[in-house]
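Asker: Sharing a structure, written as structure tokens. Questions coming.
2 protein chains.
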Amino acid sequence: MIETPYLLFLGDAPDQLAAKVAQGIRDWRPQNAIGQFRLPGCGADVKLNDMTLAEAREKGAKTLVVGVANRGGIISASWKKVLIEAIEMGYDIASGLHNLLRDEGDLVAAAQTHGRTLHDVRVPTVGYPIANGVKRSGKRLLAVGTDCSVGKMYTTLALDEAMRKRGKKSTFRATGQTGILITGSGVPLDAVIADFMAGAIEYLTPDNDEDHWDMIEGQGSLYHVSYSGVTLALIHGGQPDALVICHEPSRAHMRGLPGYQLPTLEMVRDTALPLARVANPKCQVTGISINTQHMSEDEALSYLEAVEKRMGLPAVDPFRQGADRLAEALDAI
Amino acid sequence: MIETPYLLFLGDAPDQLAAKVAQGIRDWRPQNAIGQFRLPGCGADVKLNDMTLAEAREKGAKTLVVGVANRGGIISASWKKVLIEAIEMGYDIASGLHNLLRDEGDLVAAAQTHGRTLHDVRVPTVGYPIANGVKRSGKRLLAVGTDCSVGKMYTTLALDEAMRKRGKKSTFRATGQTGILITGSGVPLDAVIADFMAGAIEYLTPDNDEDHWDMIEGQGSLYHVSYSGVTLALIHGGQPDALVICHEPSRAHMRGLPGYQLPTLEMVRDTALPLARVANPKCQVTGISINTQHMSEDEALSYLEAVEKRMGLPAVDPFRQGADRLAEALDAI
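One line per chain: the protein sequences are Y and U, in this order.
Position 108 (the first sequence) corresponds to 108 in the numbering used here; numbering is contiguous.
Position 40 (the second sequence) corresponds to 1040 in the numbering used here; numbering is contiguous.
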């Protein structure tokens, strides 16, 4: 568990896209972020107050979150200076970078000296169990995709928000580093040892109130040959009651796999649902989430209408329209 | 790669079952095993000459293979004494135990002093790539199961042997620790990090002659919720041209999962084949392998006949009948 509130470190992000972790925290857990810290030349701005380390600390900030991707695969000297100063002031540091904080001797030394914690959210810190398949109480929804990076995290975060606005009990369950940094906890599933993947998801989504929903962030795709095993572990470890199928219509091929076509929504439904029913015979597909960012408003709406008719399920772009209709569909489950 | 030939360490195995790794080597790679080493009270015997460390070393043994499961999860003092003496005589040590050789300070010290290698085959030693899905040359067969521990390793070892007896090019590809110790190499898939599972199988089964078959040992089952992700990584990383479905008819429920029924052969076929065709559109199910150890000869033969008729595919128990008919079926692929 990463202590909140955060100060978001944007560093010298060349552009807004490089700060997408910080933007995710700003969008989904604004109450967790007290301010932003930018170095000279920073090209990103997540519209929080710019603060010094000392100012944010005074306002109660507990953790400096690296909300930016680094260039060239190193933690630069200018970043280091800030991170070490932060540790000296009493901040924990949290990062989802490939380069681990724990591999940087000077950061480790500073953290030990000052009794602070370095959170590398890409690395599991729990000894997860092997999945036991025992039926859990409460309800769970899992986002499954036609491909990687089609909007599964966004969809489940939006669903979680829509549910809570409707007065329902809901928890977003992060399974990747961005989601973990946004919410402060989760399972970095892609870094878990094979035998423990499904068990890690059981651990992430334990027994709960019967009217509580876990909104489980999906990973990969059953049709993505590099990561499909991770997806199936989510389906079987998650025991979902509901699946939402996520799709991005402009892809020419599977991400990183030229020559591999995307499956249709029907193919994903017909593959995922029987597999999900092994763990939960009552599982249903309850909605479709389409990422229409590459379409005009008119194109998007007519595309969504066509999908809705074709699939017989609510089809929305949660970014354009919110996830209310996906949330409403869960009332019947 | 573990250096051969081996001396098989049976230790103080309480019974034959505890020495199943040694028995596997004896059955499938007898040319790799010079002899067996037993401690007083050993209840196992794999019918090799009993030898001292010195005798086997003189005959050329390079590696002492721990061919026995340990009790109580510790490497006992009586084992240690032998392992250290072996290292001092120039042996490498190979083990598939949960307790790693590398975690034993005295073994590590001895190995460093004498320049020997400790092989913990449960632990990956390679930085596997992320799968790229690129079509590989040569042919590959994968054993898929209705459940765990139904005979997938045995089936692929028997198929490999049958193919080579027919003068065909074939290599058994181990994906678990017993298989790795039997053949001296492979991928301990259950210990690989999630993101690299499929890539590890691509690495294990690279481009080969067009008429060469890799016989890939399966793991888990698409219907076993604890390990299904590992199975799907094998299906997508392996790009199999042929699947053989393995089954053990006496199971009351999935291994370790009371309340989970076994799927039918048809269910496994209809789930595995479309998934396999994502990576290799030409994939076919070519045979059924039934573990009939709990049946009489008559029962077994009539069960196999019924399965063969029902599935329209050769159905054999390779332990009773050999795998010739499963191998013949590959001529058409």
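Glycine residues also receive a C-beta, built at the ideal position from the N, C-alpha and C atoms.
What are the boundary residues of the beta strand (DSSP E) that includes K169 (chain Y)?
Answerer: K169 to R173
Asker: For chain Y, find out if any of its Cβ atoms is closer than 8 angstroms to the Cβ of I1193 (chain U); answer yes or no.
Answerer: yes
Asker: In chain Y, what lies closer than 8 angstroms to A1198 (chain U) by C-beta?
Answerer: Within chain Y, the residues near A1198 (chain U) are V225, S226, Y227, S228 and G229.
Asker: Once DSSP output is grouped into helix, strand and coil, what is the label at M1337 (chain U)?
Answerer: For residue 1337 (chain U) there is no data in the structure shown, the boundaries of chain U being 1001 and 1333.
Asker: Please decide whether V1278 (chain U) counts as near chain Y, where near means a Cβ-Cβ distance under 8 angstroms.
Answerer: yes
Asker: Give the DSSP-derived three-state secondary structure of Y1303 (chain U) in the structure shown.
Answerer: helix
Asker: Under a Cβ-count criterion, where at least 16 other Cβ atoms within 10 Å of its own Cβ denotes burial, should E305 (chain Y) be classed as buried or exposed?
Answerer: Exposed is the label assigned to E305 (chain Y), since fewer than 16 other Cβ atoms lie within 10 Å of its Cβ.
Asker: Helix, strand or coil for T1292 (chain U), going by three-state DSSP, please let me know.
Answerer: coil
Asker: Where does R71 (chain Y) land, buried or exposed, given buried means 16+ other C-beta within 10 angstroms?
Answerer: exposed
Asker: With three or more beta-carbon pairs closer than 8 angstroms as the criterion, would you say the segment 293-311 of chain Y touches the segment 1007-1022 of chain U?
Answerer: no
Asker: Among all the DSSP beta bridges, which residues are the ones paired with V316 (chain Y)?
Answerer: Y:S289
Asker: Strictly under 8 angstroms for the Cβ-Cβ distance: is I1130 (chain U) near chain Y by that measure?
Answerer: yes
Asker: At a CB-CB cut-off below 7 angstroms, which residues of chain Y make contact with Y1203 (chain U)?
Answerer: Per Cβ cutoff of 7 angstroms: no residues; Y1203 (chain U) is ~13 angstroms from chain Y at best.
Asker: Kindly list the residues whose CB is nearer than 8 angstroms to the CB of P188 (chain Y), restricted to its own chain and excluding five residues on each side of it in sequence; keep chain order.
Answerer: V121, R122, V123, P124, T175, G176, Q177 and I180
Asker: Would the beta-carbon of L265 (chain Y) fall within 8 angstroms of that of H294 (chain Y)?
Answerer: no
Asker: Select from U:A1242, U:I1333 and U:T1146 the residue whose C-alpha is nearest the C-alpha of M1215 (chain U).
Answerer: U:A1242
Asker: Determine, for L100 (chain Y), whether the minimum Cβ-Cβ distance to residues of chain U falls below 8 angstroms.
Answerer: no
Asker: Return the first residue and the last residue of the alpha helix (DSSP H) that R29 (chain Y) is part of.
Answerer: Where R29 (chain Y) is concerned, there is no enclosing alpha helix (DSSP H), given that its DSSP letter is neither H nor E.
Asker: Would you mind stating whether I235 (chain Y) and V268 (chain Y) have Cβ atoms separated by less than 8 angstroms?
Answerer: no
Asker: Quick one: what does DSSP say G1 (chain Y) is sitting in, helix, strand or coil?
Answerer: Here residue 1 (chain Y) is Met; the residue named in the question, Gly, does not match the sequence. The answer is coil: DSSP assigns M1 (chain Y) none of H, G, I, E or B.
Asker: Using a cut-off of 7 angstroms between C-beta atoms, extract the partners of L232 (chain Y) located in chain U.
Answerer: S1228, G1229 and L1232
Asker: Does the structure place the segment 1219-1229 of chain U close enough to the segment 1249-1260 of chain U that three or more beta carbon pairs sit under 8 angstroms?
Answerer: The answer is yes - the segment 1219-1229 of chain U touches the segment 1249-1260 of chain U, with three or more Cβ pairs under 8 angstroms.
Asker: Quick one: using the 10 Å Cβ neighbour count with 16 as the cut-off for buried, is E1161 (chain U) buried or exposed?
Answerer: Around the Cβ of E1161 (chain U), a 10 Å sphere holds 16 or more other Cβ atoms; the residue is buried.
Asker: Using a beta-carbon distance below 8 angstroms, is T1271 (chain U) in contact with chain Y?
Answerer: yes
Asker: Considering only C-alpha positions, which residue in the set Y:G133, Y:V134, Y:K152 and Y:R136 is nearest to L142 (chain Y)?
Answerer: With distances taken between Cα atoms, L142 (chain Y) lies closest to Y:K152.
Asker: Over what stretch of residues does the alpha helix (DSSP H) that includes L48 (chain Y) continue unbroken?
Answerer: Counting along the chain, L48 (chain Y) falls outside any alpha helix (DSSP H), and DSSP gives it neither H nor E.
Asker: Just to confirm my understanding: we take G1220 (chain U), look at its own chain, exclude 5 residues before and 5 after, and list those with CB closer than 7 angstroms. What are they?
Answerer: C1148, Y1227, S1228, V1230 and T1231
Asker: Decide if the segment 70-89 of chain Y is in contact with the segment 102-115 of chain Y; the criterion is three or more beta carbon pairs, one per stretch, under 8 angstroms apart.
Answerer: Of all C-beta pairs linking the segment 70-89 of chain Y to the segment 102-115 of chain Y, three or more are shorter than 8 angstroms, placing the two stretches in contact.
Asker: Report yes or no: do the segment 128-135 of chain Y and the segment 186-205 of chain Y share at least 3 C-beta pairs separated by less than 8 angstroms?
Answerer: yes
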